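Numbering (the numbering used here), first residue to last: 5 to 517. Backbone N, C-alpha and C define an ideal beta-carbon position, used for all residues, glycine too. All values reported here derive from a predicted model rather than from experimental measurement. Here the structure comes first, spelled out in structure tokens, and everything after it is commentary.
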């Protein structure tokens with residue numbers, strides 16, 4: 005699990021970015037940022053230049069989506085969509101009526117080839133994913149599965165204002181050089197209109213994307229670029245200046261304490277004793293300290309344990325937590341480390357209340373990943389700002405699950421909260437593009453993104469927006485969803501009646517980007 009801290013946000017979440025075996029640290033606050041990617045470089049990373057764009061092939065056994073939309077290879081990346089001959093959209097809606105037009109029927113009159121990557125019948129978009137990275141092949145691929153599924157679904161329902169979406173994907177292999185290559189491939193060769201739902205470990209090409217005025221919408225802010233450049237919009241919404249120069253507020257990012265507040269409210273009779281596990285790495289310790297500060301703000305007694313990244317001794321951590329009566333466990337270590345930590349907690353008979361994960365680890369594979377530590381697994385919780393992908397009573401979640409299955413991505417290795425957020429990023433783009441009608445331009449899309457109005461991806465996200473503040477706020481009302489792993493149901497069970505009302509007015513704590 006885990007990874008890097010994030011940001012300031014308007015009602016949003018706790019999370020971490022897991023960078024597999026090498027540690028990618030994260031934070032727990034509805035706000036925060038990630039670590040600079042240089043902090044994750046370890047032996048075994050691909051050499052410079054090894055990140056050339058790679059083809060994104062269909063998953064084995066994946067067939068056409070409902071409606072016959074194929075996932076077909078196209079050049080160095082891959083294209084998703086029906087191409088120029090795709091059908092148009094008539095009546096119907098991709099969601100809230102904010103602009104993404106779906107349904108069958110002729111292409112709406114008035115559609116023009118109005119901007120780069122746009123014809124009267126198609127919109128070409130790009131997606132960059134650090135799939136074959138030097139860490140963990142599952143770490144960053146979720147958003148790519150989600151956007152592929154959304155493109156299949158929206159095309160099968162008439163497209164966006166009658167235009168079919170063509171999706172070009174590129175695997176940057178988790179390297180800065182590879183990312184630059186992907187950026188140039190998609191922008192200079194494939195002439196994409198926008199980038200959507202990226203999952204990038206090292207966004208070395210971000211300044212070029214920004215300089216070309218290419219909108220990047222609904223992506224995971226694994227890299228600090230999303231707190232810096234004005235043409236980049238992550239999936240959470242931001243209020244940093246994003247002037248292209250400073251990151252955050254003069255190099256400082258903000259994190260809220262709503263997660264810690266939730267658990268002390270949920271378990272009022274449980275001692276406020278928390279443990280935080282970090283690696284002996286500067287970045288991990290820096291963000292671990294921010295979690296410690298947040299917990300202390302909420303009145304917890306905190307035991308911070310530093311483990312050797314190369315030779316971690318999780319048994320010693322577990323024994324110390326047991327002796328000190330730690331009840332709530334947080335960390336800034338990778339997924340493999342979390343699994344081993346859980347095993348040590350079980351082996352040493354540690355009795356605690358909750359081990360808190362974030363959306364990066366909120367996936368269907370938990371049942372098998374933690375099979376060797378069933379007691380710890382039964383106390384896994386996760387928090388975020390998105391609907392639980394298990395809650396198919398919501399139409400948008402149901403459509404996501406059905407399309408993922410149709411694409412051959414319905415298994416435990418693919419279904420995750422990040423995949424659902426990849427879908428939500430696609431919906432955000434579709435609504436922005438649909439608002440432009442027949443005259444689709446980047447300028448129009450950016451006006452939608454910069455409107456300052458709350459957006460919830462048709463109920464998938466807690467409401468969020470983009471605005472520009474020139475000084476950091478001191479508090480924020482943040483809303484979170486909370487789930488718990490229940491083995492008898494082999495899945496995550498939502499713990500709050502309504503994520504949009506599970507809100508807390510909390511302090512925002514600064515930390516260095």
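Query, Result
"Beta-carbon proximity list for residue 490, same chain, < 6 angstroms, skipping 5 on both sides", "497"
"The stretch 173-192 touching the stretch 420-438, judged by at least three CB pairs closer than 8 angstroms", "no"
"Neighbour-count burial assignment, residue 254, 16 or more Cβ in a 10 Å radius", "exposed"
"Buried or exposed (CB count within 10 angstroms, at least 16 for buried), residue 502", "exposed"
"Identity of the residue in 229, 154, 291, 192 nearest residue 259 by Cα", "291"
"Supposed close pair residue 235, residue 251 - CB separation, criterion 8 angstroms", "In fact, because the Cβ distance is near 15 angstroms, the residues do not count as touching under 8 angstroms."
"Whole-number beta carbon distance between residue 361 and residue 384, since they are thought to touch under 8 angstroms", "6 angstroms"
"Expected contact under 8 angstroms - CB spacing of residue 203 and residue 226 to nearest Å", "7 angstroms"
"Residues that DSSP places opposite residue 253 in a beta bridge", "256"
"Distance between residue 169 and residue 98 (C-alpha atoms, nearest Å)", "Confidence in residue 98 is poor, its pLDDT being 33 and thus under 50, which makes the residue's placement too unreliable to answer from."
"Distance CB(residue 304)-CB(residue 264) smaller than 8 angstroms", "yes"
"Which listed residue (509, 421, 452) has its alpha carbon closest to that of residue 495", "421"
"Status (buried if at least 16 other CB within 10 Å, exposed otherwise) for residue 275", "exposed"
"Stretch-stretch touch, CB-based, cutoff 8 angstroms, three pairs: the stretch 132-140 with the stretch 378-395", "no"
"The alpha helix (DSSP H) enclosing residue 450, as first and last residue numbers", "446-453"
"Residue 425 in three-state terms, based on DSSP", "helix"
"Cβ separation of residue 151 and residue 426, assumed to be a contact under 8 angstroms, to the nearest whole Å", "5 angstroms"
"Paired residues, beta bridge with residue 465 - DSSP", "390"
"Residue 507 - partner residues in DSSP beta bridges", "483"
"Proximity of residue 280 and residue 334 at Cβ, strictly below 8 angstroms", "yes"
"Buried versus exposed, by CB contacts within 10 Å (16 or more), residue 373", "buried"
"Residue 241 versus residue 445: straight-line alpha-carbon distance, rounded", "21 angstroms"
"Residues near residue 369 in its chain [Cβ-Cβ closer than 7 angstroms; skip 5 each side]", "416, 417"
"N-terminal and C-terminal residue of the alpha helix (DSSP H) that residue 530 is part of", "Outside the displayed range of the chain (5 to 517) lies residue 530, so it cannot be described from this structure."
"For residue 481 and residue 302, the rounded distance between their alpha carbons", "15 angstroms"
"Segment limits, beta strand (DSSP E) that includes residue 129", "126-133"
"Local Cβ density within 10 Å of residue 312, reported as buried at 16 or more and exposed below that", "exposed"
"Rounded separation between residue 269 and residue 329 - CA only", "19 angstroms"
"According to DSSP, residues forming a beta bridge with residue 157", "According to DSSP, residue 157 bridges with nothing at all."
"Residue 363 to residue 387 span [Cα, whole Å]", "7 angstroms"
"Inside the stretch 349-412 only - alpha helix (DSSP H) runs reaching at least 4 residues", "370-373, 378-381, 399-410"
"Proximal residues to residue 195 (C-beta, below 6 angstroms), its chain only, five neighbours per side dropped", "120, 121"
"Simplified DSSP state of residue 167, which is helix, strand or coil", "strand"
"Bridge-paired residues (DSSP) for residue 174", "132"
"Three-pair Cβ contact test at 8 angstroms for the stretch 153-167 versus the stretch 180-187", "no"
"Residues near residue 512 in its chain [Cβ-Cβ closer than 8 angstroms; skip 5 each side]", "12, 35, 258, 259, 260, 476, 477, 478, 479, 480"
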